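Start counting at 1 in the sequence shown, then tack on 326, and there's your number in our numbering. We put the CB at the ideal spot given by N, CA and C, even for glycine. Keep in mind it's a predicted model, so treat the numbers as computed, not measured.
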Amino acid sequence: MVLKACAYPGLPVVFAEGFRDYERRIGLHASVSLALTDAAGKVRTLTEVSPLEGGKGGFLVNGKPPEGRRGEDMGVVVELLKKKAKFTGELRIESHNEGIATGSSDSGAAALATALNGFLSLGLSVDELLPYATCGSETAYRSLYGGLSAYDPASLEAELLADRRELRDVRAFVVEFPSERRAADDLHKRIVEHPKYPLRLKRIPEKVRGAKEAAADGDLVSLFSLMEDEARTFHGLVEDLGFPVRTAQMKGLTSLVESWRKKGLNCFWNVAGGSAVYVFCLKDDAESVSRKIDEEGFKSRIFVVGGAAKLI
């Protein structure tokens with residue numbers, strides 16, 4: 327039997343930073359995020375689990391054994407769920423990231439946990455599965471719940487604020503750049519060293535509350551504005567520390583987005599830890615935003631909000 331699951335990559339709205347427990351992948355503070363994919367739902371992590379008769383089980387990501395701490399963490403997810411199911415056999419697990427710009431750790435952990443939950447017949451709810459997925463990525467909730475979701479590491483609980491149907495008017499143009507990706511763990515550890523970070527930390531509850539209120543009111547423009555402000559704050563801090571994510575080209579595009587908005591086009595930018603700029607707008611403004619991006623010589627792909635991790 328081969329069982330497949332997929333999950334869509336996450337993108338922060340209220341950024342997650344730091345750890346309260348690094349070994350258990352428990353973040354420092356609450357956060358809010360989106361799951362994104364293309365209109366066909368093909369930008370995703372696809373994970374397959376099958377039994378292995380004889381020999382030692384294997385785990386491949388894009389055809390290669392996962393390396394480093396992230397690889398070890400994904401192994402923890404596998405072993406914990408096997409233990410939960412009292413399963414002693416060996417498994418072959420293959421994970422493929424398809425068209426993902428950023429956020430593959432979240433979708434990878436969510437797809438893995440969802441596939442194992444199904445294969446091992448555990449029958450865990452998404453809330454029950456969350457602690458296992460979080461062992462693979464501290465922000466796996468983004469892809470596990472999909473839509474717009476929030477997570478509080480103090481309670482180890484997440485909630486769906488708006489599903490993909492409620493967010494059907496969201497459009498995000500992703501523009502990718504040729505630069506080296508910063509490791510998420512390095513960003514988590516560095517930013518908390520900034521002398522202004524304690525003040526940043528005090529403002530997080532207000533930011534989370536603002537995102538929840540915008541979602542409840544269906545006020546997507548306010549949500550976009552909050553998200554851009556979060557990205558600006560985050561990148562300002564890491565750039566102060568000499569650990570920049572945004573290249574000059576990426577900064578150029580974010581400045582253009584702000585200038586377009588000043589001229590009346592409602593669009594907003596976001597950059598996470600990877601080498602991609604996301605330009606957000608509502609569906610009615612998508613054609614105008616696309617034209618602006620094209621006129622500046624950038625190549626983009628258009629994303630929509632993705633749903634929860636699922637068996638397929």
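Check                                                                                                                                                        : Outcome
In the segment 350 to 393, which residue ranges form an unbroken beta strand (DSSP E) of at least 3 residues, counting only runs that do not cross its ends? : 357 to 363, 370 to 378, 384 to 387
Do you know offhand how far Y523's Cα is from Y467's?                                                                                                        : 24 Å
Which one or two residues does DSSP pair with D478 in a beta bridge?                                                                                         : E483
State the DSSP-derived secondary structure class of K522, mapped to helix, strand or coil.                                                                   : coil
Taking E464 as the reference, which of L442, R418, G434, N388 has the closest Cα?                                                                            : G434
Along the alpha helix (DSSP H) that carries P570, what are the first and last residues, could you check?                                                     : Per DSSP, P570 belongs to no alpha helix (DSSP H) and is neither H nor E.
The alpha helix (DSSP H) that contains G444, what's its start and end?                                                                                       : 430 to 445
Starting from the Cα of E420, find the closest Cα among H355, C332, E556, D364 and give me that residue.                                                     : C332
With contact counted as at least three CB pairs below 8 Å, one residue from each stretch, are the segment 613 to 633 and the segment 347 to 363 in contact?  : yes
Please determine, among W595, D489, K409, E343, the residue with the shortest C-alpha to C-alpha distance to K528.                                           : E343
Distance check for L456 and A411, CA to CA, integer angstroms please.                                                                                        : 16 Å
What whole-angstrom Cβ distance do Q575 and F503 have, given they're in contact under 8 Å?                                                                   : 6 Å
So G472 and R490 are in contact, right, with Cβ under 8 Å, and what is the actual spacing, rounded?                                                          : 6 Å
Taking the C-alpha atoms as reference points, what is the distance between K538 and Y477?                                                                    : 11 Å
Closest by CA to L438, which one among E485, F413, V387?                                                                                                     : V387
From which residue to which residue does the beta strand (DSSP E) around K330 run?                                                                           : 329 to 333
What are the boundary residues of the alpha helix (DSSP H) that includes D620?                                                                               : 612 to 621
DSSP on G462, reduced to helix/strand/coil?                                                                                                                  : coil
How do the segment 443 to 463 and the segment 392 to 412 stand: do at least 3 beta-carbon pairs fall below 8 Å, yes or no?                                   : yes
Smallest Cα separation from L417: which of L442, L549, L337?                                                                                                 : L442
Exposed or buried, what is M327 when buried is set at 16 or more other beta-carbons lying within 10 Å of its beta-carbon?                                    : exposed
Pairing CB atoms from the segment 347 to 356 with CB atoms from the segment 606 to 620, are three or more of them under 8 Å?                                 : no
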